[in-house]
Amino acid sequence: MKGTFMRINVLQHTPNEGPGMIQSWSQENGHQMYVYHPYQFGYLPTADETDLLVILGGPMSPNDDLPWIKQERELIQTLIDQDKPIFGVCYGAQQIVKTLGYAVTKAPAKEVGWAPVYRRDTKILDIPEELDVLHWHEEMFEIPEKAQLLFSSDKVENQGFVMGHRIVGLQFHLEPAADNIREMIVNDFPYLKGSVLNQSTADILTKAVPYKNKTTLFKLLNYITN
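Start counting the sequence shown at 1; every next residue gets the next number (full-length UniProt numbering).
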């Protein structure tokens, strides 16, 4: 798929968590991106018009009993059956796991802010052994049987997985650039309360986004679309 035009369909689940640097990757590779807001408008793309599905984070849980959440999983299952690439972030990764029949539960610690994750698998070449990433979650996913654990943090083991050559799910966020993080903070700063990372809004905002977050994000997207 790499080197050819793709239609990238993005499922966005809250106004302040957009595609961020995923959009930069799309533009640099000459693809077209369509952003859907199923939580507001109720529309989803079809599998036939999807070359890459990106499922972003949000304040909801995949355990919530909402029709559009179940419809998302139907789309995910169809794309898995068609061997099409899927990239899930936070809630998005959890949706993939739920689709595969595995559990999403409360994490042992609520992580909100910057903290390192560590590579646990070398299947994807040239991924850094450690990344300083943005966390924004209090649930976690079970690792599917056919997937490999890709990243862990000090507080939550299951931080990322890769399944085959088409699916990557991350519990943390590589996609936000500095402007995106400012948007998250000014709109969702109350969520910092109760985080084991004990970071203030100033702590998060003054941290420069590491450049290798962008390069790692691009490597992951290249891997599942190559």
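Built from N, CA and C at the ideal position, the CB exists for glycine as well.
Asked: Residue range of the unbroken alpha helix (DSSP H) whose run includes residue 72; Found: 67-81
Asked: Exposure label - residue 195; buried when at least 16 CB within 10 Å; Found: buried
Asked: Residue 182 to residue 117 span [Cα, whole Å]; Found: 22 Å
Asked: Environment of residue 213 [buried if 16+ CB atoms lie within 10 Å]; Found: buried
Asked: Terminal residues of the beta strand (DSSP E) in which residue 28 lies; Found: From DSSP, residue 28 is part of no beta strand (DSSP E) but of the alpha helix (DSSP H) over 21-28.
Asked: Nearest neighbour of residue 56, chosen from 124, 156, 108 and 23 [CA to CA]; Found: 23
Asked: Candidates 12, 197, 130 and 19, of which the one nearest residue 221 by Cα; Found: 19
Asked: For residue 44, the nearest candidate out of 10, 96, 169 and 205 (CA to CA); Found: 10
Asked: Assigned exposure category for residue 198 - 16 Cβ within 10 Å defines buried; Found: exposed
Asked: For residue 159 and residue 152, the rounded distance between their alpha carbons; Found: 5 Å
Asked: Residue 132 (DSSP reduced to helix, strand or coil); Found: strand
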